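4 is the number of the first residue of the sequence shown in the numbering used here; add one for each residue after it. I have placed the structure first, in the form of structure tokens, so that the comments after it can refer back to it.
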Amino acid sequence: MAVPDKAQLPVWARALEDCELVYMAVPKLATLTPFHLLDPGALDISPLEAAASRVVATVAPTVEIDALRPVDVVVLGSAAVNRDGARIGKGDFPGPPRRLQGRCPPCSAGRANRWKANR
Numbered sequence: 004m005a006v007p008d009k010a011q012l013p014v015w016a017r018a019l020e021d022c023e024l025v026y027m028a029v030p031k032l033a034t035l036t037p038f039h040l041l042d043p044g045a046l047d048i049s050p051l052e053a054a055a056s057r058v059v060a061t062v063a064p065t066v067e068i069d070a071l072r073p074v075d076v077v078v079l080g081s082a083a084v085n086r087d088g089a090r091i092g093k094g095d096f097p098g099p100p101r102r103l104q105g106r107c108p109p110c111s112a113g114r115a116n117r118w119k120a121n122r
């Protein structure tokens, strides 16, 4: 699961290259179908191109929250992280919004950083 932040483009592209589904939030989660579903098996363009926020709406359908499969990794941006990988600078991230709980993994400081580093 990812937010449309250009700095995270390499992470999304890598996930697609590794045949992972990517759910990317629509701007401000402002619709009844608040996530684009990027399915690497259904893409006719490169993962890097498909994951670009300016392209995703043209290649990926949107889905309702109830259609989300369990999520392995949540990718979030941060102004900075401490030595343990915990977000600092944008406030704490206590976890996914209540309506997404049960579909997202428990929060763990630096989890996305470790995932990216281990791929």
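Note that beta-carbon positions come from the ideal geometry of N, C-alpha and C, so glycine has one too. All values derive from a computational prediction rather than experimental measurement.
Asked	Found
Using the Cα positions of V84 and T61, report the straight-line distance between them to the nearest angstrom.	33 Å
Give every residue of the same chain whose Cβ lies closer than 7 Å to the Cβ of K9, excluding the five residues on either side of it in the sequence, and list them in chain order.	S56
Please return the same chain residues whose Cβ sits closer than 6 Å to the Cβ of V59, not counting the five positions on each side in sequence.	M27 and H39
Cutting at 8 Å between CB atoms, please list the residues of its own chain near R15, excluding the five before and the five after it.	According to the sequence shown, residue 15 is Trp rather than Arg. Excluding positions up to five away in sequence, the list reads A5, V25, M27, L41, P50, A54 and V78.
Going by DSSP in three states, R36 sits in which element: helix, strand or coil?	Before going further, note that residue 36 is Thr rather than Arg in the sequence given. DSSP places T36 in coil when its eight states are reduced to three.
Buried or exposed: A18, going by 16 or more other Cβ atoms within 10 Å of its Cβ?	buried
Look at the alpha carbon of P43 and the alpha carbon of V74, and state the distance between them as a whole number of angstroms.	16 Å
Please list the terminal residues of the continuous beta strand (DSSP E) segment that includes V14.	Note, V14: premise wrong, no beta strand (DSSP E); alpha helix (DSSP H) at L12 to E20.
Could you check if A70 is buried or exposed, using at least 16 other CB atoms within 10 Å of its CB as the buried criterion?	exposed
Under 6 Å Cβ to Cβ from I91, same chain only, skipping five residues before and after it: list those, please.	A83 and N85
Is it buried or exposed for A45, if we count other Cβ within 10 angstroms and need 16 for buried?	exposed
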